[in-house]
Amino acid sequence: MSDTAKSLVIVGQGAAGLSAALYAAEAARERGERVRITLLEKAGEEEAGGNTRWSPSYMRMAAPDRVEPTFVDDMLAATGGRGDRAYFARLAAEAPATAAWIAGHGVEFHRPVYYLAKGPPRIQPVGGGPAIVRALVHAARSAGVELHYECSARRLVRGNRGDIRGIHVVQGSGAPETMHADAVILAAGGFQGDGVMMREHFGAGAESMPLISPGTRFNTGDGIRMAVEIGAAMSGEWSGMHSEPIDPRAKNSAPVVLVYPYGIVVDRNGRRIFDEGGGLVHETWEKFSRDIHFATPGREVYAILDSRLFAIQSYQRAIRSEVPPAQADTLDDLAKQIGVDAANLTATVAAYNAAATGDPARFDATVCDGLAAARTLHPPKSNWARAITEPPFVAYPLIGAVAYTFGGIATNERAEVLGSSGDAPIPGLYAAGEITGHFYGTAPNAVSVLRAFVFGRIAGREAVSYFGR
Ligand SMILES: Cc1cc2nc3c(=O)[nH]c(=O)nc-3n(C[C@H](O)[C@H](O)[C@H](O)COP(=O)(O)OP(=O)(O)OC[C@H]3O[C@@H](n4cnc5c(N)ncnc54)[C@H](O)[C@@H]3O)c2cc1C
Numbered sequence: 042m043s044d045t046a047k048s049l050v051i052v053g054q055g056a057a058g059l060s061a062a063l064y065a066a067e068a069a070r071e072r073g074e075r076v077r078i079t080l081l082e083k084a085g086e087e088e089a090g091g092n093t094r095w096s097p098s099y100m101r102m103a104a105p106d107r108v109e110p111t112f113v114d115d116m117l118a119a120t121g122g123r124g125d126r127a128y129f130a131r132l133a134a135e136a137p138a139t140a141a142w143i144a145g146h147g148v149e150f151h152r153p154v155y156y157l158a159k160g161p162p163r164i165q166p167v168g169g170g171p172a173i174v175r176a177l178v179h180a181a182r183s184a185g186v187e188l189h190y191e192c193s194a195r196r197l198v199r200g201n202r203g204d205i206r207g208i209h210v211v212q213g214s215g216a217p218e219t220m221h222a223d224a225v226i227l228a229a230g231g232f233q234g235d236g237v238m239m240r241e242h243f244g245a246g247a248e249s250m251p252l253i254s255p256g257t258r259f260n261t262g263d264g265i266r267m268a269v270e271i272g273a274a275m276s277g278e279w280s281g282m283h284s285e286p287i288d289p290r291a292k293n294s295a296p297v298v299l300v301y302p303y304g305i306v307v308d309r310n311g312r313r314i315f316d317e318g319g320g321l322v323h324e325t326w327e328k329f330s331r332d333i334h335f336a337t338p339g340r341e342v343y344a345i346l347d348s349r350l351f352a353i354q355s356y357q358r359a360i361r362s363e364v365p366p367a368q369a370d371t372l373d374d375l376a377k378q379i380g381v382d383a384a385n386l387t388a389t390v391a392a393y394n395a396a397a398t399g400d401p402a403r404f405d406a407t408v409c410d411g412l413a414a415a416r417t418l419h420p421p422k423s424n425w426a427r428a429i430t431e432p433p434f435v436a437y438p439l440i441g442a443v444a445y446t447f448g449g450i451a452t453n454e455r456a457e458v459l460g461s462s463g464d465a466p467i468p469g470l471y472a473a474g475e476i477t478g479h480f481y482g483t484a485p486n487a488v489s490v491l492r493a494f495v496f497g498r499i500a501g502r503e504a505v506s507y508f509g510r
């Protein structure tokens with residue numbers, strides 16, 4: 042046991058930062074190491090928790106004690122083969138122990154009912170993200186972690202040997218100050234809340250992309266900038282983000298409307314814009330919501346369905362907007378209500394209905410049912426192509442909202458931050474969660490929270506081991 046306490050500073054109080062802080066405290070106690078652990082959080086205490094606090098926190102596990110045997114290959118497939126196998130293998134290996142650890146802190150898991158579409162198996166903490174944040178904040182405090190709210194990390198300080206020696210912070214409206222740190226764990230999320238970075242990586246208009254939850258705005262790329270400034274390598278797809286279609290009228294957080302595959306989607310000119318039935322909803326929502334924002338006039342579209350929506354079993358599970366849809370007995374009236382060109386909408390629905398020649402008895406909202414429209418239809422509709430004929434006709438307006446970005450800091454399977462020259466880790470610097478760049482192409486479903494917890498814990502343990510070296 043060393044004589045002087047080492048100082049570990051963690052930036053961000055979401056899933057990654059909380060698990061890093063708490064697990065570091067537990068690891069230090071177990072090893073008899075004296076470590077002072079400080080968690081810095083930019084938001085006030087009431088709003089702290091970043092994306093995690095607003096997330097239902099579905100986790101891609103077959104049960105709390107196992108992931109699917111194909112997990113690692115599935116991750117690599119989602120990244121188009123560009124992901125780091127060692128990273129995803131470590132994620133798979135440590136997921137059960139991490140879920141057990143969370144449960145040990147009083148959070149139970151269950152198998153959630155998901156939207157409508159079947160997908161990979163998931164577990165969910167009862168009470169979602171807020172329940173985990175509450176439980177782990179309580180446990181971290183009891184374990185001696187010091188929590189500083191309204192405290193924004195700005196810059197890292199390195200010593201002569203390139204190791205971490207401190208961090209510049211701003212507490213409230215105070216002047217910048219330097220806090221001593223022998224190691225730092227960055228867990229400050231992605232850059233979706235920073236208009237300048239969004240525009241730089243996604244192009245014009247990205248700065249106005251709506252944020253999916255109130256907690257999303259705190260993730261402004263600070264941790265990424267701090268790490269890159271001292272020579273960290275960048276990784277992940279910088280033009281990649283996870284986004285979903287939401288109802289712009291709603292006041293709820295993340296008011297997603299995921300019934301669009303079962304009808305058609307038109308722009309404000311009344312024209313269809315894509316294959317609404319191109320896959321299960323979690324396979325199409327990212328590209329769809331992005332196209333709404335970047336490639337559609339007015340950045341808004343309308344999902345058009347008929348009264349058979351209400352006959353789909355548990356259709357409400359796929360709608361998190363608290364605002365009812367527009368409804369009318371004629372397409373003309375519906376178009377007027379939502380401000381869409383009425384003649385075009387009527388013509389679009391007529392063309393779609395003429396192509397919806399398959400047997401409607403095949404319709405099954407939970408799987409890709411193969412009920413495709415005739416090939417003459419452009420854009421095509423590959424599944425769920427039932428004619429829209431039964432009033433009242435129904436419309437939901439939709440916009441695209443960003444949840445998190447993919448580009449970030451390069452880390453290895455020990456959560457060490459890699460330097461840009463030669464891949465060697467930067468001594469004393471760790472990172473976990475959204476801030477790390479491991480996603481490419483599309484976000485693997487229900488993995489962002491899981492990886493934040495798993496690599497948060499790994500970072501906490503590795504930082505304590507680093508002090509013992
Ligand atoms: C509505 C919604 C639903 C979601 N659903 C799911 C789901 O079901 N499953 C899933 O896997 N993922 C889901 N996600 C994504 C997932 O929640 C996040 O990617 C994950 O929780 C990120 O955890 P994190 O700890 O890395 O970041 P966060 O939880 O975002 O925490 C980052 C923290 O860092 C703080 N911070 C930022 N900058 C600084 C600074 N300079 N100094 C100090 N603190 C700073 C922020 O205030 C924030 O508290 C969802 C996201 C949202 C918003």
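Letter by letter, the sequence shown follows residues 42 to 510 of our numbering. Beta carbons: idealized from backbone N, C-alpha and C, even for Gly. Quantities reported herein were computed from a predicted structural model and do not represent experimental measurements.
{"Query": "So what does DSSP say about Met-116, is it helix, strand or coil?", "Result": "helix"}
{"Query": "At the level of alpha carbons, what is the spacing between Ala-141 and Pro-338?", "Result": "48 Å"}
{"Query": "Based on the DSSP output, what are the partners of Leu-321 in its beta bridges?", "Result": "In the DSSP output, where bridge partners are listed per residue, Leu-321 has none listed."}
{"Query": "Assuming Lys-47 is part of the beta strand (DSSP E), what are its boundary residues?", "Result": "47 to 52"}
{"Query": "Examine the Cβ distances between the segment 85 to 100 and the segment 55 to 63 and report whether three or more of them are shorter than 8 Å.", "Result": "yes"}
{"Query": "Kindly indicate which residue of Pro-432, Ala-144, Thr-398, Cys-409 has the alpha-carbon position closest to the one of Thr-417.", "Result": "Thr-398"}
{"Query": "Assign Leu-197 to one of three DSSP states: helix, strand, or coil.", "Result": "strand"}
{"Query": "Whose C-beta lies closer than 8 Å to the C-beta of Val-490 among residues of the same chain, with five residues either side of it excluded?", "Result": "Ala-56, Thr-93, Ser-96, Ser-98, Tyr-99, Met-100, Gly-170"}
{"Query": "Is DSSP giving Ala-451 helix, strand or coil here?", "Result": "coil"}
{"Query": "For Met-42, which of helix, strand or coil comes out of DSSP?", "Result": "At Met-42 the pLDDT is 47, less than 50, meaning the model places this residue with poor confidence; the figure from the coordinates comes in the next sentence. The answer is coil: DSSP assigns Met-42 none of H, G, I, E or B."}
{"Query": "Nearer than 7 Å: is that true of the beta carbon of Pro-366 relative to any heavy atom of ligand 1?", "Result": "no"}
{"Query": "Roughly how far, in whole angstroms, is the beta-carbon of Tyr-470 from the beta-carbon of Ile-205, given that I think they are within contact range, below 8 Å?", "Result": "Rather than Tyr, the amino acid found at residue 470 in this sequence is Leu. About 5 Å separates the two Cβ atoms, so the contact holds."}
{"Query": "Mind reading off the beta-carbon distance from Ala-84 to Tyr-190? Whole number of angstroms is fine, and I expect it under 8 Å.", "Result": "7 Å"}
{"Query": "Buried or exposed for Asn-293, please, with buried defined as at least 16 other CB atoms from any protein chain shown within 10 angstroms of its CB.", "Result": "exposed"}
{"Query": "Distance cutoff 8 Å, beta carbons only. Does Thr-257 sit that close to anything in chain D?", "Result": "Protein chain content of the structure displayed is limited to a single chain, and chain D is not contained in it."}
{"Query": "If you follow the beta strand (DSSP E) that Pro-438 is in, where does it begin and where does it stop?", "Result": "434 to 446"}
{"Query": "For Ala-415, which residues of its own chain have a beta-carbon under 6 Å away from its beta-carbon, when the five flanking residues on both sides are left out?", "Result": "Ala-396, Thr-398"}
{"Query": "Less than 8 Å between the beta carbons of Pro-137 and Asp-106, yes or no?", "Result": "yes"}
{"Query": "Just tell me which of Glu-327, Asp-332, Pro-296, Val-322 has its CA closest to the CA of Val-307.", "Result": "Asp-332"}
{"Query": "Applying the criterion that 16 or more other CB atoms from any shown protein chain within 10 Å of the CB defines a buried residue, is Arg-502 buried or exposed?", "Result": "buried"}
{"Query": "Does Phe-351 pass the burial test, meaning 16 or more other C-beta atoms within 10 Å, or should it be called exposed?", "Result": "exposed"}
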